[in-house]
Amino acid sequence: MVERMKVSSGTVWEERVGYSRAVRAGDLVFVSGTTATDDQGNVVGRGDPEAQARFIIEKIKRALEAAGASLSDVVRTRVYVTNADDWEAVGRAHAAYFGETRPANTLVEVSRLVGPDYLVEIEADAVIGSGGARA
1 MVERMKVSSG
11 TVWEERVGYS
21 RAVRAGDLVF
31 VSGTTATDDQ
41 GNVVGRGDPE
51 AQARFIIEKI
61 KRALEAAGAS
71 LSDVVRTRVY
81 VTNADDWEAV
91 GRAHAAYFGE
101 TRPANTLVEV
111 SRLVGPDYLV
121 EIEADAVIGS
131 GGARA
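According to full-length UniProt numbering, the sequence shown is numbered sequentially starting from 1.
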């Protein structure tokens, strides 16, 4: 039986909606869709998709670390944007954190996210111990 570990960021939404910031099952870690929301519930980087993406990846990093993983263990990211024209700005942020790791990635435009000021949402999957592996 694979042990399951839930990581919480402590927001009221996790309990209210029924999700975890991240879930670790064995060596796999799945980080939920993450927005640019600070600990006080404020949107970070209003109008700036690159700033939002950077903030989001920092949040993902903290969730991974709480589950015993790191950004270098990320094998897949999914990026949701409200404007596909923002792909390059978001891509710069993604490359700044994942340029060496180069996980599989999908970027899609969606009609909207949970609030009008959110431009980007990112989720990540990681395999603990896979960081640094070369093909």
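Cβ coordinates follow ideal geometry from the N, Cα and C atoms, glycine included. In this text, all values refer to a predicted model and were calculated from it rather than measured experimentally.
Any idea which residues DSSP pairs residue i with across the strands?
i: M1; result: DSSP output for M1 lists no bridge partner at all.
i: V90; result: Paired residue(s): none; V90 is not in a bridge.
i: T106; result: R78
i: I122; result: T34, V79
i: V127; result: L28
Between the C-alpha atoms of residue i and residue j, what's the straight-line distance to the nearest angstrom?
i: S8; j: D38; result: 14 Å
i: A95; j: I57; result: 11 Å
i: A124; j: T77; result: 4 Å
i: V23; j: G68; result: 11 Å
i: V43; j: T106; result: 23 Å
i: R112; j: W13; result: 19 Å
i: A63; j: R21; result: 7 Å
i: E65; j: G10; result: 15 Å
i: V114; j: G18; result: 16 Å
In terms of alpha-carbon separation, which member of the options lies closest to residue i?
i: residue 141; options: M1, R78, K61; result: Lying before the first or after the last residue shown, residue 141 is absent from the chain, which here runs from 1 to 135.
i: M1; options: G41, V90, E14, D27; result: D27
i: V108; options: Y80, I122, G41; result: Y80
i: G131; options: T34, S72, Q40, E65; result: S72
i: V75; options: V90, A51, P103, V110; result: P103
i: G47; options: A89, R24, E15; result: A89
i: E50; options: Y118, E15, A126, A66; result: Y118
i: R54; options: F30, I122, G18; result: I122
i: E110; options: V31, G45, D85; result: Per the sequence presented here, residue 110 reads as Val, with Glu not at that position. For V110, the nearest C-alpha among the options comes from D85.
How would you call residue i, buried or exposed, if buried means at least 16 neighbouring beta carbons within 10 angstroms?
i: G99; result: exposed
i: Q52; result: buried
Can you find a CB in chain B that lies within less than 9 Å of the CB of residue i?
i: V75; result: Although the question refers to chain B, the structure presented lacks it and comprises just one protein chain.
At 4 residues or longer, and completely inside the region 8 to 80: list those alpha helix (DSSP H) runs for me, N to C.
12 to 17, 49 to 66
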